[in-house]
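For the sequence shown, the residue numbers in the numbering used here are 299 to 792.
Just so it is clear, CB atoms sit at the ideal spot from N, CA and C, and this is done for glycine as well.
Keep in mind that this is a model prediction, so the values were computed, not measured.
To start, the structure itself, in structure tokens.
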Amino acid sequence: MFNKILIANRGEIAIRIMRACRELGISTVAVYSEADKNALFAKYADEAVFIGPSPSSQSYLRIENIIKAAEETGAEAIHPGYGFLSENTHFASACRESGIVFIGPPPNAIDAMGSKITARQTMKAAGVPIVPGIEEGVSDPGDAEKMAESIGYPIILKPAAGGGGIGMKIVMSQEELLPALTSSQSVARSAFGDDTIYIEKYLTEPRHIEFQILADNRGKTIYVSDRECSIQRRHQKLIEESPSPVMTPDLRERMGSIAVKAARAIGYVSAGTVEFMYSRGDFYFLEMNTRLQVEHPITEMVTGVDLAKEQILIASGEDLGYSQEEMEIRGWAIECRINAEDPLNDFAPSPGKIKRYRSPGGPGIRVDSGVYTGYVIPPYYDSLISKLVAHGKDRREAIARMERALYEYIIVGVKTNVIFHKAVLRNARFRRGDINTQFIKEENIIEAVKDVAVEDDEKGKSLASALGADSRKIAAISAAVGSYLSQQKAGEKT
Ligand code: MV4
């Protein structure tokens, strides 16, 4: 087992990984940028090493700075968290060359999923269902027309080097094909330095369902739980749950076995996620994430498996301590990503000082965060304040707990998407579990968010007047109960 691990990440995920280390009796090294001098994660660690200026390109993405910090502190392993260098083959290789263990999959497994075309070919050969389409790139418009014709419209153009929806174009008919191809190619060229595009049949309103897997060095691979991640906006997940509302024991067994097959086909080791699109009973491989994901806590809540800890144990050479038969789903878990962003202003980021902070607690609630009262959210990184997770005996109880926790949550000083979550959780279709990747648009959730904002503000004001506050204090009191409109006022006045 390792004595010391360096965490090459920041914020809530750095703390999450250090918590696993602490439980395992492993010392921790944080690395931090200029903007993170006062961050909680840097103080939580046993040691903290400064690695550069605030922009991540000069700190968290600097491979040589991070390797140097590990060498200087004597860390035997590096956990990359998610984002940053977590799926960077060069980084995984650089660790290996320096005699440091990369806590994640082998570099060639990361590579195998890097190109979407190669991944499709590998998956198809392994017997994993893929979306109907072409398993090669296309650049000639004439070839593209023939391919699209053979698949049948609507089709979707995807960059081979891509991910996260960047450069994707839906094409409804032949007239739209040429301009779409040109546009996809140019976005792909500037975003990924590679303009290879391929074509798939476009599925309307799919669900996004993914499977957590764990694999050790001896070839033991299991699926841990399924997650429904259909509530997304511009490819940013906002709410995830486990299990998926459409899951049955039979479907879980079929999809889970395919996920294991996908992982085995590329010699996968560590924790990973196989993403599927699900539509009307059929499912197709989408991509594989070769990292610990943001939404891993919901799987931990329903299975009791500590995924960060298992990653560390596997990386240290231990055998997986669980069997497939032991994996049981207990109850239901939902995660709301609490972001510093304004849902009423196109989700614009809202960095700045958190003037007042009180997170929810009580039965079935888990809050993973890296903030505190007085903390200043820097503008340089993602806007995640915390991951609020509710666990209950069934979906209904998990939803009730989440709504109760959102009611308790007080964050003053920055705009947050708490009102967005309240609006989704009360939506009738969400409550029925009838969701897909177009849900926010189809249900016009943004309009519902406005109603929640007004209601919250009225509650704040009536509480203030019940307390006999004068008009000067009303804004402050309603801000203290976390209402949206008053956050603005408090922000202006205090
Ligand atoms: C698709 C699709 C429909 N048909 N592919 C978007 C991000 C990338 N991971 C895959 N994406 C999609 N690929 C075909 N053939 C619809 C999406 C998609 C989507 C997928 C998963 C989760 C959310 C999404 C939101 C919009 C579109």
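Own chain residues within Cβ distance below 7 Å of residue i, not counting five before or after
| i | result |
| --- | --- |
| S667 | E310, S657, I683, S684 |
| L455 | M466, K467, V469, A478, L479, S482, I495, I497 |
| D604 | A318, E598 |
| G372 | K302 |
| S331 | I349, G350, P351, S352, S357, Y358 |
| G662 | A688, H689, G690, R699 |
| V436 | A442, M445, I495, Y496, I497 |
Which of helix, strand or coil DSSP assigns to residue i
| i | result |
| --- | --- |
| A312 | helix |
| G570 | strand |
| E793 | Nothing about residue 793 can be read from this structure; the chain reaches only from 299 to 792. |
| A631 | strand |
| H594 | helix |
| R532 | coil |
| T494 | coil |
| M466 | coil |
| N301 | coil |
| A318 | helix |
| D640 | strand |
| E616 | coil |
| A513 | strand |
| A767 | coil |
| I675 | strand |
| V399 | strand |
Cβ of residue i within 7 Å of any chain B Cβ
| i | result |
| --- | --- |
| E474 | Reference to chain B is not applicable here, since this structure consists of a single protein chain. |
Other residues of its chain near residue i: CB distance less than 6 Å, five sequence neighbours each side excluded
| i | result |
| --- | --- |
| T792 | Annotation note: pLDDT 37 at T792 (below 50); position unreliable, coordinate value reported separately. Nothing listed; no residue qualifies. |
| I612 | D514, S568 |
| F389 | I361, L383 |
| V347 | V329, A367 |
| R693 | W630 |
| T387 | P405, I408, D409 |
| Y566 | P403, A407, A513 |
Classification of residue i by the beta-carbon crowding that lies within 10 angstroms, buried from 16 upward
| i | result |
| --- | --- |
| P677 | exposed |
| A646 | exposed |
| K414 | buried |
| R532 | exposed |
| Q472 | exposed |
| N715 | buried |
| G465 | buried |
| H594 | buried |
| K651 | exposed |
| L476 | exposed |
| T601 | buried |
| K341 | exposed |
| A764 | exposed |
| N637 | buried |
| D617 | exposed |
| M421 | buried |
| P457 | buried |
| P439 | exposed |
| E551 | exposed |
| N307 | buried |
| D548 | exposed |
| K720 | buried |
Residue i, enclosing alpha helix (DSSP H) - first and last residue
| i | result |
| --- | --- |
| F737 | 737-740 |
| F389 | 387-395 |
| R730 | 726-730 |
| K720 | 716-723 |
| I364 | 361-371 |
| I743 | 743-764 |
| Q622 | From DSSP, Q622 is part of no alpha helix (DSSP H); its letter is neither H nor E. |
| V558 | 547-563 |
| D409 | 405-412 |
First through last residue of the beta strand (DSSP E) which encompasses residue i
| i | result |
| --- | --- |
| K335 | From DSSP, K335 is part of no beta strand (DSSP E); its letter is neither H nor E. |
| A688 | 682-690 |
| G350 | 345-350 |
| P457 | 453-457 |
| D666 | 663-667 |
| I376 | 375-377 |
Beta-bridge partners of residue i, as assigned by DSSP
| i | result |
| --- | --- |
| Y655 | I709 |
| D580 | S577 |
| M586 | V572 |
| V436 | I495 |
| I428 | F583 |
| F526 | The sequence shown places Glu at residue 526, rather than the Phe named in the question. Answer by DSSP bridge pairing, in chain order: I507, E539. |
| P647 | E639 |
| A520 | The residue you asked about is not Ala; residue 520 is Ile in the sequence shown. According to DSSP, which records beta bridges pairwise, I520 is partnered with L512. |
| A328 | I305, A346 |
Other residues of its chain near residue i: CB distance less than 8 Å, five sequence neighbours each side excluded
| i | result |
| --- | --- |
| Q530 | H506, L536, T735, I738 |
| G460 | K414, M466, A486, A489, F490 |
| V426 | I556, K559, A560, A563, F583 |
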